[in-house]
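Novice: First, the structure itself, so that you have it in front of you.
Protein chains: 2
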Amino acid sequence: MAVTIKDVAKKAGVSPSTVSRVLSNHPRISAETSRRVREIMEELGYHPNIMAKSLVSRTTNSICIMLPKSAEELFSNFFFMELIRGIVTQANRQGFDVLLSSGANEKDEVEGVARLLNGHRVDGVILLYSRTDDPVVDFLYQNNHKFVLIGRSEQYADILSVDTDNVQASYDATKHLISLGHQRIGFVSGPPELVVSKDRLQGYLQALSNAGLESKPEWIVEGEFLQESGYRAISFFMNLPDRPTAIVLVDDVISFGVLRGLHELNYKVPDDLCLVSFNNIPLAEMSTPPLSSVDIGIYNMGYTASQMLIQAIQHKDNDKVTARYVIPHRLVVRESSIFSVPKA
Amino acid sequence: MAVTIKDVAKKAGVSPSTVSRVLSNHPRISAETSRRVREIMEELGYHPNIMAKSLVSRTTNSICIMLPKSAEELFSNFFFMELIRGIVTQANRQGFDVLLSSGANEKDEVEGVARLLNGHRVDGVILLYSRTDDPVVDFLYQNNHKFVLIGRSEQYADILSVDTDNVQASYDATKHLISLGHQRIGFVSGPPELVVSKDRLQGYLQALSNAGLESKPEWIVEGEFLQESGYRAISFFMNLPDRPTAIVLVDDVISFGVLRGLHELNYKVPDDLCLVSFNNIPLAEMSTPPLSSVDIGIYNMGYTASQMLIQAIQHKDNDKVTARYVIPHRLVVRESSIFSVPKA
DNA sequence: CTGTGTAAAGCAAACGGTTCCACAAAGGAG
DNA sequence: CTCCTTTGTGGAACCGTTTGCTTTACACAG
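For the protein sequence lines, the chains are A and V, in the order given.
Using the numbering used here, the first residue of the first sequence is number 6, and each one after it goes up by one.
Using the numbering used here, the first residue of the second sequence is number 6, and each one after it goes up by one.
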């Protein structure tokens, strides 16, 4: 059916090996032969069978992106799409294909990734999230597979990862509010099993303590990366006797929920409450009021992760090499935090 | 290195063919042999080499998602992520892997898809968008490849596609505004090369004409699926001498830009201007005010497209079969349109 | 004219499976 | 008891490439 290397060889009057060598620019092929073979490939519409190639070369030129289980429930879509865009762009640029994989649960995830990796369908994996205790990471690490973590592993030091300095970023965001005169600052966190939640919480606490400010347990609430979490958090906060005058939130989308909640309760931002969140998604500057947010270079993270993984795959130095790449962050101040001290 | 079918065979004291048959549940394998072989596969940690399997079976059990070139510029991320989620979920459920592909330009796109399809890396393709004149579709159609279009083709009738009835949906949205008493209704469209833009414009015009209402050219502006488009459109509209009292917008994200613009100009929604848009993304209910929006079941579209494609791949009836699947839509009315007639 | 070096191309064995065909053993019909 | 099925398994060819080892064909030195 499809045209193979043999068809090309026959028509060109050479052997299949010669055609193969033309394809890989082998030095000992005469210019004339090369030209003729290429011409015929063109004419016949030849495309190398990637499977056959992979089989013999034992490499697939493709990588796999592991989506978190139930991405829809835990995270904001924007974050992942942006990460994926960065990964795919860089991978394609390097001639790699990208596979998407996910699982209904953790067991599924490990099995899926094992099937792909052990079954030689992909050469490596990128994990889009970091959980505190992740069986997928265990599997990858123990079987010596190539992989890159977006985020940070608490268990293994010697793995490839791309991350934001979340402690520092959160410190900066909190510091910003402190420098505006706020004394009572709240924090809305993400799911506790995510490393990012812990890191940002830590930065927040550190900033408070460095400034000699108090941090009350009731000023810290856990949520998910969803509007609803913000919406719920805010009714809690605003009913506190000594409620915060400012909040740090781990994600812009949560802030949208907060804005909505405040609007319904007839509070004004930033007059009654100041907000700073993370990710700086495009909508952040379109909300009312526009959100102050820490830009963490999501696309860049994906791009870099992809690059690191492909590099690791190509130079097959089997030693595990520590390479934690930290993408710089930047606090973008907008209206949601620009008034100094709320009247209340 | 890796454990192969031969290793399993040797250890089990059977031939490779027997192991292969166990794997594929061949009827003429004794229960005892099957049990023993499976046990050994487990023990050795055997995973079939997917490449080798594909090579001989001439099928890959994977499909490819074609991302639009420069997705970031034309579309709202949410839409694609949701589509992808639907596709991946259904594909995985059927044992298919999903590849992501994109190209810097149209030539790139065709080449990429040709490489994957002719090179037997994937069995079929899903296109996430419909352009009025798409070389990728031409290629797929003419080479008789399996593919599904999200949207609608203007050139070919006999291809698989999943779509919203955009004309009707837009008609409904416009009708909703008309029934609230609006006489001057504007329209913010998407890029003109997208079929969805044309269809929604048509539904809008049809609703107006059915109601005996006028439609002025200056009430219609083209934009992209970005906040900025809405932001720009609104300053144009509000400066018109006989400006619209309501607008239909092709995407929620555009509406966010509009909301921002109106806020800055000190207009109120819905008092000064009513809005209805499309897609009903989760943030639509969190904006101020919450947006009326046509829910088009994005996840469902992806899910269905995936299902159709896999079906087409598995029953390899080579006849082209028309199958246009229309996902039902539903107008979700919220505050951005609930007042009957603006004061102005 | 033989021997040697080198460039160009061919042969054949993998890579890890699947599957058609052959064949032995066992069971059933006559 | 033969003969014919059925059942369970093994052997080998093949899927489309790559690649190490040869072979061929010159060119040129001795």
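Backbone N, C-alpha and C define an ideal beta-carbon position, used for all residues, glycine too.
Quick one: is V/T38 near chain A, going by C-beta distance under 8 Å?
Specialist: Here residue 38 of chain V corresponds to residue number 33 of the second sequence, with the count starting at 1. It does not: the Cβ of V/T38 has no partner Cβ on chain A nearer than 8 Å.
Novice: V/K16: which of V/L122, V/R41 and V/Q316 sits nearest, CA to CA?
Specialist: Mapped onto the second sequence, residue 16 of chain V falls at position 11. The shortest C-alpha separation from V/K16 is found at V/R41.
Novice: Would you call the region 37–55 of chain V in contact with the region 117–127 of chain A, where contact means no fewer than 3 C-beta pairs closer than 8 Å?
Specialist: Yes, the region 37–55 of chain V is in contact with the region 117–127 of chain A.
Novice: Going along the chain, which residues of its own chain have a beta-carbon closer than 8 Å to the beta-carbon of A/L270, five neighbours each way excluded?
Specialist: Along the first sequence, one-based indexing puts residue 270 of chain A at 265. Excluding positions up to five away in sequence, the list reads I239, S240 and M243.
Novice: Just to check my reading of the structure: A/V201 and A/N171 have Cβ atoms closer than 8 Å, yes? What is that Cβ distance to the nearest angstrom?
Specialist: Locating residue 201 of chain A in the first sequence gives position 196, counting from the first residue. Locating residue 171 of chain A in the first sequence gives position 166, counting from the first residue. 6 Å between Cβ atoms; contact.
Novice: Listing by chain order, which chain V residues have their CB less than 7 Å from the CB of A/Q188?
Specialist: One-based indexing of the first sequence puts residue 188 of chain A at position 183. What A/Q188 touches in chain V: nothing, since even the nearest Cβ is about 28 Å away.
Novice: Counting only Cβ pairs nearer than 8 Å, list the residues of chain V close to A/G262.
Specialist: Here residue 262 of chain A corresponds to residue number 257 of the first sequence, with the count starting at 1. Residues of chain V passing the Cβ test: M291.
Novice: Give a yes or no on whether the minimum CB-CB distance between A/N285 and chain V is below 8 Å.
Specialist: Position 280 of the first sequence, counted from the start, is the residue given in the question as residue 285 of chain A. No, because no Cβ of chain V sits closer than 8 Å to the Cβ of A/N285.
Novice: Shorter than 8 Å from the beta carbon of V/P53 to some beta carbon of chain A?
Specialist: The residue given as residue 53 of chain V occupies position 48 in the second sequence. Output row for V/P53: interface = yes.
Novice: Would you say A/H5 faces chain V, with C-beta separation under 8 Å as the test?
Specialist: In the structure as shown, chain A begins at 6 and stops at 349. Residue 5 of chain A is therefore absent and cannot be evaluated.
Novice: Which residues in chain V sit within 7 Å of A/S59, going by Cβ to Cβ distance?
Specialist: Locating residue 59 of chain A in the first sequence gives position 54, counting from the first residue. Here the neighbours are M56.
Novice: Sorted by chain position, which residues of the same chain lie with C-beta nearer than 6 Å to V/P140's C-beta, five sequence neighbours on each side aside?
Specialist: The sequence position of residue 140 of chain V within the second sequence is 135, counting from 1. Within the same chain, V/P140 has close Cβ partners E111 and V115.
Novice: Among residues of its own chain, excluding the 5 on either side of A/Q95, which ones have a beta-carbon nearer than 7 Å to its beta-carbon?
Specialist: Within the first sequence, the letter at position 90 stands for residue 95 of chain A. Answer for A/Q95: Y308, S311 and Q312, listed in chain order.
Novice: Less than 8 Å between the CB atoms is what I'm expecting for A/F192 and A/I252, so what's the real figure, rounded?
Specialist: As a first step, residue 192 of chain A must be located in the first sequence, where it is residue number 187. As a first step, residue 252 of chain A must be located in the first sequence, where it is residue number 247. Correct: roughly 7 Å between the Cβ atoms.
Novice: Just the chain A side, please: which residues come within less than 7 Å of V/M86 by C-beta, in chain order?
Specialist: Translated into positions along the second sequence, residue 86 of chain V becomes position 81. Simply N82, F85 and M86.
Novice: So which of V/R136, V/Y161 and V/E37 has the shortest CA-CA distance to V/N149?
Specialist: As a working note, residue 149 of chain V is residue 144 in the second sequence. Considering only alpha carbons, the answer is V/Y161.
Novice: In the DSSP assignment, find the unbroken beta strand (DSSP E) run with A/Y176 in it and report its ends.
Specialist: Walking along the first sequence from the start, residue 176 of chain A turns up at place 171. Unbroken run through A/Y176 is the alpha helix (DSSP H), N171 to S184; no beta strand (DSSP E).
Novice: Out of A/H187, A/G228, A/E198 and A/Y176, which one is the CA nearest neighbour of A/Q211?
Specialist: What you label residue 211 of chain A is simply residue 206 of the first sequence in a count that begins at 1. Selected option, being the one with the closest Cα: A/Y176.
Novice: With DSSP as the reference, label A/M56 as helix, strand or coil.
Specialist: Numbered from its first residue, the first sequence carries residue 56 of chain A at position 51. Helix, per DSSP.
Novice: Would you decide whether V/E219 is buried or exposed? Buried here means 16 or more other CB atoms lie within 10 Å of its CB.
Specialist: Here residue 219 of chain V corresponds to residue number 214 of the second sequence, with the count starting at 1. So V/E219 counts as exposed.
Novice: What are the partner residues of V/V103, as DSSP defines its beta bridges?
Specialist: Numbered from its first residue, the second sequence carries residue 103 of chain V at position 98. The partner list for V/V103 (beta bridge, DSSP) reads A/L105 and V/I68.
Novice: So for V/I402, helix, strand or coil by DSSP?
Specialist: Lying before the first or after the last residue shown, residue 402 of chain V is absent from chain V, which here runs from 6 to 349.
Novice: Give the C-beta separation of V/R43 and V/Y304 to the nearest angstrom, bearing in mind that I take them to be a contact with Cβ-Cβ under 8 Å.
Specialist: Residue numbering aside, residue 43 of chain V sits at position 38 when the second sequence is read from its first letter. Residue numbering aside, residue 304 of chain V sits at position 299 when the second sequence is read from its first letter. No, V/R43 and V/Y304 are not in contact; Cβ-Cβ is about 37 Å, not under 8 Å.
Novice: Would you check if there are 3 or more beta carbon pairs closer than 8 Å linking the region 247–265 of chain V to the region 222–230 of chain A?
Specialist: Not touching, per the Cβ criterion.
Novice: Output, in sequence order along the chain, the residues in the region 87–107 of chain A whose CB is closer than 8 Å to any CB in chain V.
Specialist: If the cut-off is 8 Å between Cβ atoms, the region 87–107 of chain A has E87, I89, R90, V93, T94, N97, D102, V103, L104, L105, S106 and S107 near chain V.
Novice: Does the CB of V/R157 have a neighbour CB from chain A at under 8 Å?
Specialist: The count along the second sequence starts at 1 and reaches residue 157 of chain V at position 152. Chain A, which has no Cβ nearer than 8 Å to the Cβ of V/R157, makes this no.
Novice: What three-state label does DSSP hand V/S135 in the structure shown?
Specialist: Along the second sequence, one-based indexing puts residue 135 of chain V at 130. Looking at V/S135 - three-state DSSP - the assignment turns out to be coil, as it is neither helix nor strand.
Novice: Is A/G129 helix, strand or coil when you go by DSSP?
Specialist: As a working mapping, residue 129 of chain A is identified with position 124 in the first sequence. Strand, per DSSP.
Novice: Could you compute how far the alpha carbon of A/H181 sits from the alpha carbon of A/V153?
Specialist: Here residue 181 of chain A is taken as the residue at index 176 of the first sequence, counted from 1. Here residue 153 of chain A is taken as the residue at index 148 of the first sequence, counted from 1. Looking at the two C-alpha atoms, the distance is approximately 32 Å.
Novice: I want to see whether chain V comes within less than 8 Å of A/A317, judged by CB atoms only; does it?
Specialist: Residue numbering aside, residue 317 of chain A sits at position 312 when the first sequence is read from its first letter. It does not: the Cβ of A/A317 has no partner Cβ on chain V nearer than 8 Å.
Novice: Could you check the C-alpha separation between V/R248 and V/L267 for me, to the nearest Å?
Specialist: Taking the first residue of the second sequence as 1, we reach residue 248 of chain V at position 243. Taking the first residue of the second sequence as 1, we reach residue 267 of chain V at position 262. The straight-line gap from Cα to Cα measures roughly 13 Å.
Novice: Mind pulling the chain A residues with CB within less than 7 Å of V/E150?
Specialist: Locating residue 150 of chain V in the second sequence gives position 145, where the first residue counts as 1. According to the sequence shown, residue 150 of chain V is His rather than Glu. The contacting residues do not exist; V/H150 stays about 12 Å from chain A at best.
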